[in-house]
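Report on the following structure.
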Amino acid sequence: MTVEEKREKVNKRMAALRAKRKPPKLANVHHTVKALPDDDTLSYVNVKNWIKTQEGIVKSARLTERSRSN
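Quick note on my numbering: the sequence shown kicks off at 4 and runs consecutively.
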């Protein structure tokens, strides 16, 4: 078996394993939030993306502030 064949075999196996995986239950999310459509402003998906964006902004602001104080 060549390296490419092995890689392809592993990729197929991993794809099958990912497909078998159960979706998350989101037990810590209120049922009304789960019921919101994905295009709603306060949907779980949008809020999660907003949090990720804000964390990135804070990280870059911290780095900027540290570089100024030196």
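All C-beta atoms, glycine included, are put in the ideal place defined by N, C-alpha and C.
- Using a C-beta cut-off of 8 Å, the region 27-37 makes contact with the region 46-61, since at least three inter-stretch Cβ pairs fall below that distance.
- The alpha-carbon of Arg-71 is positioned some 21 Å away from that of Gln-57.
- Each residue's CA atom was taken as its position, placing Asp-42 and Arg-65 some 31 Å apart.
- Annotation for Val-36: the continuous alpha helix (DSSP H) segment containing it runs 34-38.
- Assigned with DSSP and collapsed to three states, Arg-24 falls in coil, not helix or strand.
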